[in-house]
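Q: Questions regarding the structure given below will be posed in turn.
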Amino acid sequence: MPIRIPDTLPATGVLESENIFVMTEHRAIHQDIRPLKVLILNLMPLKIETETQILRKLSNTPLQVEIDLLQTVTHHSSHVPVEHLKSFYVGLDDIQEKHYDGMIITGAPVEKMKFEEVDYWPELCDIFEWAKTNVFSTLYLCWGAQAGIYYHYGVEKHLLPEKMTGVFEHHILKPSSPLVRGFDDVVYAPHSRYTGVKAEDIAAKQDLELIAVSDEAGVFIAKSTNSRHFFVFGHPEYDTNTLANEYNRDVKKGLNPALPKHYFPNDDPTKQPVSNWRAAAQLLYTNWLNYYVYQATPYDIKQVGVQ
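Be aware that the sequence shown starts at 12, since it is given in our numbering, and climbs by one per residue.
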């Protein structure tokens, strides 16, 4: 799926160099089709890196996707140039009257805090409420998934004994779900978090269903039965070296971080990791976008949220 993004977004050159089909705004306006409109709420500090990772996944299928990037205006981001935010990001007030076929909400490094202690939590709650009537289907990632499932369904997160970091294998609990159509019997994905949700808490909610879990890492994927909410508690969008970068960053800070499990060859952090999750991650995004957004969203986007 070609992704339609601003001509000068830094991710454009990176994606084109990887032979990923990117469509600039100039080219897109000359195509007489209705693009899918997807909003990305980027809560990660390294926004440009996260943009590129997610945009990489929203590619290589036949439809055009138009992207808007959303930020929380009540939180000052110190890891990205102000000019980048001004050029490419909007706030909730800017899109109050807009409708979107899909939304992706990223993780954030605030897991150890109570949700209500996060400085932008009230604004995030406003976004959750706005999305009920303005977004057809939402994909939540890592802390974003913990926040979303807590807000909408009251499922609590719990502090883990140690950081869950590494690449873990998962098995599919509901192979009939279109979300995991084409998945292998064993699915690998990175996790990088200090908190988690319990499978039994999700199973106790009649409006939720478990899709994929790990014996070692716990819940990986859950969704709402009405297919409006998809919760992914890992980081399938991560690049090959993202966990290594996080580990080396914390080593330099003197934090004595745990070595990511099942990641470095022979558990040697000087060796180059190899990705074994890229294909499944691509399939996850493609299945969500195809079966739960494109196949189900109203053709008239203004009808999103209309009962």
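No residue lacks a Cβ here, since even glycine has one placed at the ideal position from N, Cα and C. If you're wondering where the values come from, they're calculated on a predicted model, not measured in any experiment.
#1: Quick check: the segment 111–123 against the segment 203–212, are at least 3 beta-carbon pairs closer than 8 Å?
#2: How big is the Cα-Cα spacing for F139 and Y199?
#3: Counting Cβ pairs closer than 8 Å, one from the segment 46–56 and one from the segment 76–87, do we hit at least three?
#4: By Cβ distance, which residues of its chain are closer than 8 Å to D212, with the 5 residues on each side in sequence left out?
#5: Look at the Cβ atom of T61, then the Cβ atom of N53, and state whether they are nearer than 7 Å.
#6: Assuming L184 contacts I222 (C-beta within less than 8 Å), just tell me the rounded distance between them.
#7: Can you name the start and end residues of the beta strand (DSSP E) that S235 belongs to?
#8: How far does the alpha helix (DSSP H) with E211 in it extend, from its first residue to its last?
#9: For P189, which residues of its own chain have a beta-carbon under 7 Å away from its beta-carbon, when the five flanking residues on both sides are left out?
#10: Per DSSP, what kind of secondary structure is E60 in: helix, strand or coil?
#11: Less than 8 Å between the CB atoms is what I'm expecting for N252 and P280, so what's the real figure, rounded?
#12: Please name the residue or residues paired with Y111 in a DSSP beta bridge.
#13: Report yes if the CB atom of I90 is closer than 7 Å to the CB atom of L57, and no otherwise.
A: A quick look at the data gives this:
#1: yes
#2: The sequence position of residue 139 within the sequence shown is 128, counting from 1. The sequence position of residue 199 within the sequence shown is 188, counting from 1. If I take the Cα positions, the gap works out to 29 Å.
#3: yes
#4: Stepping through the sequence shown from its first residue, residue 212 is reached at position 201. Excluding sequence neighbours, D212 sits near V166 and E167.
#5: Taking the first residue of the sequence shown as 1, we reach residue 61 at position 50. Taking the first residue of the sequence shown as 1, we reach residue 53 at position 42. Contact: yes.
#6: As a first step, residue 184 is located in the sequence shown; it is residue number 173 there, counting from the start. As a first step, residue 222 is located in the sequence shown; it is residue number 211 there, counting from the start. Going by Cβ atoms, the distance from L184 to I222 rounds to 6 Å, so yes, they are a contact pair.
#7: In the sequence shown, residue 235 corresponds to position 224, counting from 1. Counting along the chain, the beta strand (DSSP E) containing S235 begins and ends at G229 to S235.
#8: Position 200 of the sequence shown holds residue 211. Run containing E211: A210 to A214, per the alpha helix (DSSP H) assignment.
#9: Residue numbering aside, residue 189 sits at position 178 when the sequence shown is read from its first letter. These residues qualify, in order along the chain: N298 and Y302.
#10: For the purposes of this step, residue 60 is taken as the residue at position 49 of the sequence shown. E60: helix per DSSP, three-state reduction.
#11: On the sequence shown, residue 252 is found 241 positions in, with the first residue counted as 1. On the sequence shown, residue 280 is found 269 positions in, with the first residue counted as 1. Not quite, the Cβ-Cβ distance comes to about 12 Å (not below 8 Å), so this is no contact.
#12: Numbered from 1 along the sequence shown, position 100 holds the residue referred to as residue 111. BP columns for Y111 point to V146.
#13: Position 79 of the sequence shown, counted from the start, is the residue given in the question as residue 90. Position 46 of the sequence shown, counted from the start, is the residue given in the question as residue 57. One detail in the question is off: residue 90 reads as His in this sequence, not Ile. Against a cut-off of 7 Å, the Cβ pair of L57 and H90 comes out as a contact.
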